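Okay, structure first, notes after.
Number of protein chains: 2
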Amino acid sequence: MRKPYQPPKSEIKLTPILHALSDPNRLRIVQCLATRKEQTCSYYQKLNVSKSTLSHHIKVLREAGIIKLRIEGTQHYYSLRLEELEDLFPGLLPSIINIDEQLF
Amino acid sequence: MRKPYQPPKSEIKLTPILHALSDPNRLRIVQCLATRKEQTCSYYQKLNVSKSTLSHHIKVLREAGIIKLRIEGTQHYYSLRLEELEDLFPGLLPSIINIDEQLF
DNA sequence: AGATAAGTTCGAATATCATCGAACAATGAA
DNA sequence: TTCATTGTTCGATGATATTCGAACTTATCT
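In order, the protein sequences belong to chains A and B.
All residue numbers for the first sequence refer to our numbering, where the first residue is 3 and numbers rise by one.
All residue numbers for the second sequence refer to our numbering, where the first residue is 3 and numbers rise by one.
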């Protein structure tokens, strides 16, 4: 499987990021990655959406520049682009990572 | 004109806030209110959208709980709900208020 | 009362989004 | 080589969003 597109740091913009984060399931993925560092897609099957929907959500996060991909065999490991995002938008991700799911 | 609905603090949720902020013109309004404290709607006619579109954007911000309204005659003065938002989502608005428009 | 000004609301057109099943691609195992 | 696994992509559908002009509401001014 070829590596899907992800924007370089210089092309990361705020509005796609905020849009990507404005969905509860995508927020859950981001919060999970904030604590567990790296996960494969299949981990998020607990979100109770179909495989294609999950892949769509991950694509939205990836194309916004929030997560990056490392491929190992058939597994896709995703992780947050924390340093780059902190450099571009200081404090933004930390403020979101700590919010309780009840407030989503 | 009767006072439009705005949610009590207890009903403010994160995803509507992030969605409301994922639009460049709405971000401009929020950043403007962060420095100028209070403005009427007509101030934002410089955004070059129609009156109804502007009213729509302001409604999205208001219903998300980001701005509050004070009516004086025919003028509607809007301002940020800074303390409540800081209490609910610490650091979120400050991190967004400082971002340069080039990164929108 | 009539005219004006500030905003909101309505209705319609267009675009974007979320979701799913099915098909596809790439790797690894039998 | 065949099969199973992991994940993406495609196409369709229904739901939301954005935008505008027109109509409406409320207050103010003459």
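The beta-carbon is built from N, C-alpha and C at its ideal position, and this holds for glycine as well.
Quick caveat: nothing in here was measured; it's all calculated off a predicted structure.
- The C-beta of residue 23 of chain B comes closer than 9 Å to at least one C-beta of chain A.
- Less than 9 Å separates the beta-carbon of residue 6 of chain B from that of residue 64 of chain B.
- The beta-carbon distance between residue 80 of chain A and residue 73 of chain A, rounded to whole angstroms, is 10 Å. This is too long to meet the 8 Å contact definition.
- Nearest C-alpha to residue 41 of chain A among A:16, A:29, A:8 and A:82: A:82.
- Counting along the chain, residue 98 of chain B sits inside the alpha helix (DSSP H) bounded by residues 94-99.
- Chain-order list of chain A residues neighbouring residue 15 of chain B: 105 and 106, by C-beta distance under 8 Å.
- C-alpha of residue 89 of chain B to C-alpha of residue 17 of chain A: approximately 24 Å in a straight line.
- The beta-carbon of residue 56 of chain B is placed no less than 9 Å from the nearest beta-carbon of chain A.
- In the structure shown, residue 74 of chain A falls within a strand segment according to DSSP collapsed to helix, strand and coil.
- The beta carbon of residue 75 of chain A does not come within 9 Å of any beta carbon belonging to chain B, so the residue lies off that interface.
- Listed along chain B, no residue sits closer than 7 Å to residue 12 of chain A by beta-carbon distance, the nearest being about 10 Å off.
- Annotation for residue 26 of chain A: the continuous alpha helix (DSSP H) segment containing it runs 26-38.
- When secondary structure is reduced to three states using DSSP, residue 41 of chain A falls in the strand class.
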